[in-house]
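Step one of this worksheet: look at the structure below.
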Amino acid sequence: MLINIQFLRFAAAMVVVLYHTSSHVRSSGVDQGAFFALCEATGFAGVDVFFVISGFIMAHTSHDEAGSSASWSFFRRRIARIYSGYWPFYLLAIALFAWVNPVQLQNADLARSAILWPANHLLIAVAWTLIFEMFFYLLFSGVIMLTRQRREQVMLLLFAAMLAWSVYSQFVRHAYDPGQLETMSLAEYYMLSPYITEFLGGALIAVWLRSHPRGSGAGWLAAGLGLFLLGGWINNQFFDGQIEQGYYVFYRVLVFGSASAMMLAGLVRLERGGSKAPVRFSLLAGGASYAIYLSHTLVLTFTQKLGLNEIAGNQGAASRLLIYLGLAALILVASMLHYRWLERPLHRRFKAVLKLR
């Protein structure tokens, strides 16, 4: 059941929540403190964890599937999953921004935002990651049409090609330099991004773990966590805390994509060795990770409108930390309830409409 992967999904979603929360702490006009400074230096990389997990899950669950029928079924399953979870928050965002920030609503490309098509202005800013997911679903649907042996060869070739293209784009074309990145087409930005190596890397880890199921899970996990935290220092030391910006995507993927791959491999091996995260919590919180990710910026926007940042700014450091940690906990609980009562039933309805098992 990949319990540890579900727990990792929950953890990735929550560090993204804390990353965006850290900017609200800063906007209250006070010192962030060590905890939120660390969250700001590393929390955005929860997205990199998601991308690696996504590639792993797709390769793992489709291992015994091949052919055009399996490809079409896979793509419909992913469509059902992504839209059933996304559209409720898309509608909520329209209502929220109509009240809180009409400019955001006016500037957003609502049609492209609705179907997760590449756009310069998305209604929900964090939905840019879902466009990458959609592209990889399409790419992987084509890969599933191949036989298993040929599929593994193609994924390895694609990974090598994307890695080579990323190196060429970074150091020869200078495509991500300021002034150059702004002129890059949306097609290249999404289809030829270094982020694609994270999806493909996750898929290759699934292949590798099938042939090498035993080994030191704890060692891989410790190395991944260490590199993830070291990435925060690298971010602040060499990138002025801005490595999450598109100009530095190559270095971001190199550091945090590698860390994510190590953590994932370690957790899978630990579970195979009998070490599991709490099962019931992991299944529920991991299942709710999609809702956590999509809802948290809307909640932060809503609470900012209500004046929470000003209230927190007038508190002591300890009280301020508790306020924002309480808000993160509230997002978690609300997302789990949403997942149980709305997202799962809606997902079942989508699958019924698409005639999926």
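Numbered according to the working numbering, the sequence shown terminates at residue 363, and the numbering increases by one at each position without gaps. All residues carry an ideal CB built from backbone N, CA and C; glycine is no exception. In this text the structure is predicted, and so the values were computed from the model without any measurement.
Asked, Found
"Can you confirm whether the stretch 320–331 touches the stretch 260–272 when touching is taken to mean that 3 or more C-beta pairs between the two stretches lie within less than 8 Å?", "no"
"Between Ala114 and His127, how many whole angstroms is the CB-CB distance? I'm expecting something under 8 Å.", "5 Å"
"The alpha helix (DSSP H) with Asp54 in it runs from where to where?", "52–67"
"So, under 8 Å CB-CB, Arg87 and Ile59 are touching, yes? Tell me the CB distance rounded to an integer number of Å.", "Contact flag wrong, Cβ pair sits at about 14 Å."
"For my contact list, Phe146 and Met64 are in at a C-beta cut-off of 8 Å; report their separation, rounded to the angstrom.", "5 Å"
"If you draw a straight line from the C-alpha of Ser310 to the C-alpha of Gln159, how long is it?", "Here the sequence assigns Gln to residue 310, which means Ser is not the residue at that position. About 50 Å."
"Go through its chain and collect everything with a Cβ distance to Phe308's Cβ below 8 Å, but skip five positions before and after it.", "Leu102, Val106"
"With three or more C-beta pairs closer than 8 Å as the rule, is the stretch 137–152 touching the stretch 80–96?", "yes"
"Determine whether the beta carbon atoms of Val31 and Tyr299 lie at a separation below 8 Å.", "no"
"Between Ile1 and Ala209, is the Cβ-Cβ spacing less than 8 Å?", "The structure shown has nothing for residue 1, since the chain only spans 7 to 363."
"Report the three-state DSSP secondary structure of Pro184 (helix, strand or coil).", "coil"
"Under the assumption that Glu204 contacts Phe50 (Cβ atoms under 8 Å), give the Cβ distance between them as a whole number of angstroms.", "With a Cβ gap of about 14 Å, Glu204 and Phe50 do not count as contacting."
"When the Cα atoms are used, what is the spatial distance from Ser33 to Phe262?", "26 Å"
"Which whole-angstrom value is the C-beta distance of Leu227 and Leu260, which I expect to be below 8 Å?", "Between Leu260 and Leu227 the Cβ distance is about 20 Å, and since that is not below 8 Å, they are no contact."
"Inspect the CB distances between the stretch 288–306 and the stretch 336–345 and report whether three or more fall short of 8 Å.", "yes"
"With contact counted as at least three CB pairs below 8 Å, one residue from each stretch, are the stretch 234–243 and the stretch 37–51 in contact?", "yes"
"Report the rounded CA-to-CA distance for Phe356 versus Leu290, giving the unit in angstroms.", "20 Å"
"Would you call Ala26 buried or exposed, if buried means 16 or more other Cβ atoms sit within 10 Å of its Cβ?", "Note that residue 26 corresponds to His in the displayed sequence, not to Ala. Flag for His26 reads buried."
"Let me know the secondary structure DSSP gives Arg220 once reduced to three states.", "coil"
"For Leu129 versus Ser119, is the C-beta distance shorter than 8 Å?", "yes"
"Three-state secondary structure (DSSP) at Leu198?", "coil"
"Identify, in the order they occur along the chain, each residue of the same chain with its Cβ nearer than 7 Å to the Cβ of Met197, setting aside the five sequence neighbours on each side.", "Phe141"
"Identify whether Ala114 lies in helix, strand or coil by the three-state DSSP scheme.", "coil"
"Taking the continuous alpha helix (DSSP H) assigned at Ser34, which residues delimit it?", "Neither: Ser34 is in no alpha helix (DSSP H) and is coded neither H nor E."
"Compare the beta carbon distance of Arg154 and Ala212 with 8 Å and say whether it is the shorter of the two.", "no"
"Can you tell me which of the three DSSP states Ala294 falls into?", "coil"
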